[in-house]
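In our numbering, the protein residues as written are 29 to 249.
Each residue gets a CB set at the ideal place from its N, CA and C atoms; glycine is no exception.
Since the model is a prediction, treat every value here as computed from it, not as a measurement.
First the structure, in the form of C-alpha cells, and then the observations on it.
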Ligand SMILES: C[S@@+](CC[C@H](N)C(=O)[O-])C[C@H]1O[C@@H](n2cnc3c(N)ncnc32)[C@H](O)[C@@H]1O
C-alpha cells in the first residue's frame, strides 16, 4: 500500500483515504458516501435531464462517484457515458480494502469489480446502460477533448491544490461543457465562484451535506 495513503472510516461508516502528501482526505470525514450521494448524485445526476448523459469527472480517485452513479442508473433507463480522469491511479490493494460497494445496493460488489477492472483508455460496458472510460492523465497539463452534459469536479481542496481550481483549468472545463450543461463541486469558496463565472457559468450556491456549509451547482450559459 502507498505509504502516504491511509484508510479512514468516515462518520457514516464508509471509507475514505487520507493522503499525508497532500494533507487532505479524498472525501468528507463526516460521511464519504453521504457527501458523494448528496453533491454528485442528488444535486448533479438527478438534476441533469440529458439522455444519453455524458459525464466528465476530474479525479477518479477511489471511483466512489462512478460507483454511486452506476448504482443509481440501474433504477433508470437513461444511457450514461462516464469519462473520468485521474493523474495518480490507486493501487489494487487499496481499492480492494475499501468498503464502498456495501453502500451501492445489491449490485454494488459486481459494479465495483467491473469499474475497477475496466481497462484504462477504453470505453467499457459496466451495465446495460452505463459505460465507463477511465483516463490516466494530468488534467492540468494534458489535452482532453469531448463535450459533456454533467461535470463532477472532485479534485483535492482549493487550499491544498490551488492550481487545479485556477481560471485556466476552469477555461478547459468550460470548453468541455455543453451549453446548458451542469457542473457540481463541493467547494463554494469565493475564488471558485469567481473563476467559474469568468468562464461562462451561472453559479448557484446550495446548502451542503453535513460538515459543509455550501456547495456549487453551476450551469454553462
Ligand atoms: C478528492 S480526491 C478524489 C475523489 C474521487 N472522486 C473519489 O471518489 O475517490 C481528488 C482526486 O484528484 C486526483 N488528481 C489530483 N490532481 C489531478 C490532476 N492534475 N489530474 C487528474 N487527477 C488529479 C487525485 O489523485 C485524487 O484521486
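- Rounded to the nearest angstrom, the Cβ distance from residue 237 to residue 130 is 19 angstroms, too far for a contact under 8 angstroms.
- A direct Cα-to-Cα measurement between residue 50 and residue 188 gives close to 6 angstroms.
- Between residue 99 and residue 108, the C-beta spacing is not below 9 angstroms.
- Here residue 153 has 159 as same chain residues with Cβ atoms under 7 angstroms from its own Cβ, once five neighbours each way along the sequence are excluded.
- Restricted to the stretch 79–138, the alpha helix (DSSP H) segments that are unbroken, complete and at least 4 residues in length are 92–101 and 120–125, listed in chain order.
- Around the CB of residue 39, fewer than 16 other CB atoms lie within 10 Å, so the residue is classed as exposed.
- Taking 8 angstroms as the cut-off, the C-beta of residue 224 does not count as close to any heavy atom of ligand 1.
- In terms of CA proximity to residue 85, 112 leads the group 75, 112 and 56.
- If you check the CB distance, residue 172 and residue 184 do not come in under 9 angstroms.
- By the neighbour-count definition (other C-beta atoms within 10 Å, threshold 16), residue 222 is an exposed residue.
- For residue 241, there is no enclosing alpha helix (DSSP H), since its DSSP letter is neither H nor E.
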